[in-house]
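Quick note, the sequences are listed as chains A and B, same order.
Straight run, no breaks: the first sequence in UniProt numbering ends on number 693.
Straight run, no breaks: the second sequence in UniProt numbering ends on number 209.
First up is the structure itself, then whatever we jot down about it.
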Amino acid sequence: MNFPFGRLEWSDLKPVHLFTHEFSIDNLVGSGAAWMVVIGALAVAVLLTVMGRWGWLWREWLTSVDHKKIGIMYMVLGFVMFARGVAEGMAMRAHQTTALNGGVLSEEHWAELFSTHGTIMIFFVAMPFITGFMNYLIPLQIGARDMAFPVLNQISLGLTATGAALCMISLVVGKFQIGGWTAYPPFTGSTFDPGPGPDYWIWAIALSGFGSMFSGLNFSVTIYKMRAPGMTYMRMPVFVWTALCTSILLVFALPPLTVAAFMQALDRTLGFHFFTNDLGGNMMNYANLFWMFGHPEVYILVLPAYGIFSELTSTFAAKRLYGYTSLVLATMSISVISFCVWLHHFFTMGNSATINVAFGIATGIIAIPTGVKVYVWMATLWRGRIRMTTPMIYMTGFFMLFVIGGLSGMILANPAINWQVHNTQFIVAHFHNVLLPGLLFGVFAGIHIWFPKAFGFRLHETAGQVTAILWIVGFSLTFLPLYFVGLMGYPRRSSGFEDPALLPYMYLTLFGALLIGCALLGLIATLWISIRQRDKLAVPLGDPWDGRTLEWATPAPPPPWNFAVIPHIAERDAFAREKVDGKPFVQPPDYKDIHLPRNTSAGMIMFIATTAFGFGVTWWMWWLVILSVLVVVGWFFVTSFIEHDEVTIPAAEVRRHHNAWIEAISLATPVTRDHETDSRNRGLADTDMVVAS
Amino acid sequence: MSDTATTNENLHPGMNLGYSGDAEHAEVTVFGFWTFLMSDLVTFGIVFAIFATMKDATAGGPGPAEVTNLTSIAMQTALLLGSSFAFSWASLSMKYHDIIWRTLGWLAIAATSALGFLMLELYDFYHMIKEGAVPQRSGFLSALWALVGLHGLHVAGGLLWMAAMTGQILKFGLTDQIKSRITRMGLYWHFLDLVWVGIFSMVYLAGVA
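Dropping the structure here:
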């Protein structure tokens, strides 16, 4: 079975295992998951066919270069992968309640679960979420019509989807690696794991890594070069500042990961000796490379969430952000210092005490700008007119829980303590404690804020609040007990334990995990209820929350060209000032034709070709590898000879669209903040904010 | 930002773009390419760092002195620097003369020279394989092959790009779009030269010293 299938055997197809292997819960979970992927994919295909939506999907979404649609597609990708990540987390928690002297899942299956869970949650949930937000918001907030490189933007999405697709394929064909999300060699080297698992990981990470690097490039160039006239750096919304810092981090922090992944691939596929045990290989190089990426990655993920929290506080407290300059400086400081702390991820791996202390101190220092941010948000809320709606509930949960997570990080920054708790569940508690409240709550709050902008109707408020509370309680019950479990000595990544005292905690975390499962269903229910009631929740006029930044000065959803005329910016929070002065939404004297880039299938071609490449290398199907490389190179070669044409939106069409919106505004009654969540809110705010403070 | 259209003359001294609208766009694309080069430089920097940590990891196999053929390296250096030099002339002729063949001629010299560089490099690799200095032999050789190979792949990719540019110049002429592309290609080409200077001194000169 060599050509055309390489080393792929029939027995690698996991759905078949349900019938060919002896029945066990372990087999049922593994094979059942594979069946769910297959059935899910088929169900989507059937649904699209029955509804006749393939053409629509292709024309309106997959080939679109509109940054708003690309942003939404990132979010959809993130949610699909999120469902899998949560399911894996729940499976692991269920296993742990049986893990006293054993457990229902085999050790290898358990290891595969925590490896895929970590890989997916970081690279294919958190990354798409923040990339989606940055895509959607950056051009709107800086007053631009699109990204600097719209086609490259679509290609980035394609490459990210490649990584996610390889992870999903690994669930059905063969298996994923079992070395954790960090995949340290030599354990993942060809000597110890010759199978396809580490190869899936390598190519999912390397290929999507290119996509992330190009996203960072695209976003930073957009922010540097495409801002509306008058928007100086210190007039940019805070979210744009955090996005800029994240983009810079992406440009500089992704190369170490790419290099590490490629060297690991050379080791595994061609027998090089970068990280092997013998012939001069050095595993520590991998650890350093991985965390040179890995630590900035933490801030890549959390900085945009900080940006969302900043917009959230000032909007929902109806106050100008307190300490804008300090927040900007804090964000920049974090970006720089994040490159100086990577070694704290392996204090115990043989560094000298001096080096450990230096990195421990740097880690302590990075907490200072983060602390500045928390105070900035608190000071912004102070004496504001706070509306305790869904975003603010997430913010409250974030405040309480994130500070605990941050302080446990300070404990870990001390090398002496780190030696005691390293590799225990304490670490698991810590990083879930910063990533869930820090990143995920920010993303969910952000979805509640900007969903109405993207789709033209609000999310149902009560459903949103119940879901938010479920998230907060579910998180607390699942992960806070792990601090104690860790201090009691339960190692992380261990499939079983021998101390019966741990068992009650395991039941508690399983209960918490079930609540998180309910919270996930709550998100889906919120969406479902909101779609059902979309007429009642509609906010076509575009400004449901009395917003402050430019994106709220457009209809909801915004037209493909974003702005009828590019606004001129005279100060920070320009839209807020215009509203207070009573002259927002003025009609420009004349309109011009607008040129937009035409749809392209570049992203989909890259997605298919690179997925084939990753699959081919993993299974040694060399013909597929060569073919996919030829397609990628050939495509760029050939299309460089085709002149990019543009779609022109005539000025009359822009005028008609803009006038219709202005007219609707003039006919509508503005609503005060007291009626923000009822059906009177059509997206025209009766402004009630303090600009001067 | 938007008011820069009036001061275009000083924006791209190397490109001599004809009219205002495209100059602003060129500003964005050239800046984007600089950003890409920064990222690529980090990539090279990391591979350099890995090489530095592995230079003694010969595991009893061939060391730096055994795999360095300084004559060949000197010739490669001359060829690659010459290629860069020829590319500068291509850029200058693009700026001062609207004659396609003049630019194409210099590009052809640059490409031929770089092709010679690649041939010599491949010949060196062939020799190393014959002597058993394959990357599978030791950590040092893995790092050497990766670093030199990464640069070589960049040069090969650049040659492919140059072939595409030649076709585009013939098809479109020296339009603003093409000028912008050649400017970016020039940045890439000189960048690879700089990286080679690093490889030349750090891998080969330091290796035999």
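Where a beta carbon is used, it is the ideal one built from N, C-alpha and C, also for glycine.
**Q.** Enclosing beta strand (DSSP E) for L596 of chain A [first to last residue]
**A.** 594 to 597
Q. By Cβ distance below 6 Å, which residues in the same chain neighbour M392 of chain A in space, the five residues on each side in sequence not counted?
A. F316
Q. For the 8 Å Cβ check, are there 3 or more pairs between the stretch 539 to 552 of chain A and the stretch 674 to 688 of chain A?
A. yes
(Q) Measuring straight from C-alpha to C-alpha, what distance separates G179 of chain A and P185 of chain A? (A) 8 Å
**Q.** Any chain A beta carbon closer than 7 Å to S20 of chain B
**A.** Any reading at S20 of chain B must be qualified, since the residue scores a pLDDT of 43, below 50, and its modelled position is unreliable; no value is offered.
Q) By the criterion of Cβ-Cβ separation under 9 Å, what are the contact partners of F31 of chain B in chain A? A) A148, V221, Y224, K225
Q) What is the rounded straight-line gap between the Cα of Q177 of chain A and the Cα of M410 of chain A? A) 31 Å
Q. Of all Cβ atoms in chain A, is any one closer than 7 Å to the Cβ of P135 of chain B?
A. yes
Q: Please list, in chain order, all residues of the same chain as R383 of chain A whose beta carbon is under 6 Å from its beta carbon, the five residues on each side excluded.
A: none
Q) Can you list, in chain order, the residues of its chain whose CB lies under 8 Å from that of H460 of chain A, leaving out five sequence neighbours each side? A) T526, I529, S530, Q533, L537
Q. In chain order, what residues of the same chain lie with their CB nearer than 7 Å to the CB of E646 of chain A, ignoring the 5 residues before and after it?
A. H595, L596, P597, R598
Q. Which whole-angstrom value describes the C-beta separation of A413 of chain A and H345 of chain A, a residue pair presumed to lie in contact below a C-beta threshold of 8 Å?
A. The Cβ separation is near 11 Å, so there is no contact.
Q: Would you kindly check if the distance between the Cβ of S628 of chain A and the Cβ of A164 of chain B is under 7 Å?
A: no
**Q.** Collapsed DSSP secondary structure at I516 of chain A in the structure displayed
**A.** helix
(Q) In the DSSP assignment, the alpha helix (DSSP H) including T116 of chain A goes from what residue to what residue? (A) 107 to 119
Q: Look at the alpha carbon of H658 of chain A and the alpha carbon of T222 of chain A, and state the distance between them as a whole number of angstroms.
A: 25 Å
**Q.** Euclidean distance between Cα positions of F275 of chain A and E24 of chain B
**A.** 47 Å
Q: Closer than 8 Å by beta-carbon distance: list the chain A residues that pair up with residue 217 of chain B, in chain order.
A: For residue 217 of chain B there is no data in the structure shown, the boundaries of chain B being 1 and 209.
Q: For S314 of chain A, collect the residues of the same chain with a Cβ closer than 7 Å to its Cβ; drop the 5 residues on either side in sequence, then sort them by chain order.
A: R320, L321, T380, R548
Q | Contained alpha helix (DSSP H) runs [length at least 4] in the stretch 185 to 225 of chain A, N- to C-terminal order | A | 197 to 225
Q) Where W635 of chain A and F79 of chain A are concerned, what is the direct C-alpha to C-alpha distance, given to the nearest angstrom? A) 31 Å
(Q) Within 10 Å of its beta-carbon, does T29 of chain B have 16 or more other beta-carbons around it, so buried, or fewer, so exposed? (A) buried
(Q) Tell me the rounded alpha-carbon separation between I142 of chain A and V134 of chain B. (A) 53 Å
Q. In three-state DSSP terms, what is L13 of chain A?
A. strand
**Q.** Three-way DSSP call (helix, strand, coil) for A317 of chain A in this model
**A.** coil
Q: Hey, could you find the ends of the alpha helix (DSSP H) E461 of chain A is sitting in?
A: 461 to 487
Q | Contact belief for V67 of chain B with M119 of chain B at Cβ below 8 Å, rounded distance in angstroms | A | That belief does not hold up - the Cβ atoms of V67 of chain B and M119 of chain B are roughly 18 Å apart, past 8 Å.
Q | Within chain A, partners of G139 of chain B - CB distance below 7 Å | A | H273, F274, L279, G280, G281, N282
Q | Length at least 4, wholly inside the stretch 107 to 195 of chain B: the alpha helix (DSSP H) runs in chain order | A | 139 to 172
Q: Just confirm the distance between the C-beta atoms of I662 of chain A and F585 of chain A, as a whole number of angstroms; I'd bet it's less than 8 Å.
A: 6 Å
Q.
Let me see if you follow: with CB-CB separation under 7 Å, is D686 of chain A close to chain B or not?
A. no
Q.
Given this structure, state the Cα-to-Cα distance separating A87 of chain A from Q136 of chain B, to the nearest angstrom.
A. 41 Å
Q: Go to T648 of chain A, then tell me how far its alpha helix (DSSP H) extends in each direction, as first and last residue.
A: Run containing T648 of chain A: none in the alpha helix (DSSP H); it sits in the beta strand (DSSP E), 646 to 649.
**Q.** Local Cβ density within 10 Å of T7 of chain B, reported as buried at 16 or more and exposed below that
**A.** Legend: pLDDT at T7 of chain B = 43, less than 50; position of this residue unreliable, value from coordinates given subsequently. Result: exposed.
**Q.** Contacting residues, own chain, Cβ-Cβ under 7 Å from N351 of chain A (five flanking each side not counted)
**A.** L343
Q | Per DSSP, the bridge partner or partners of P491 of chain A | A | A:T424
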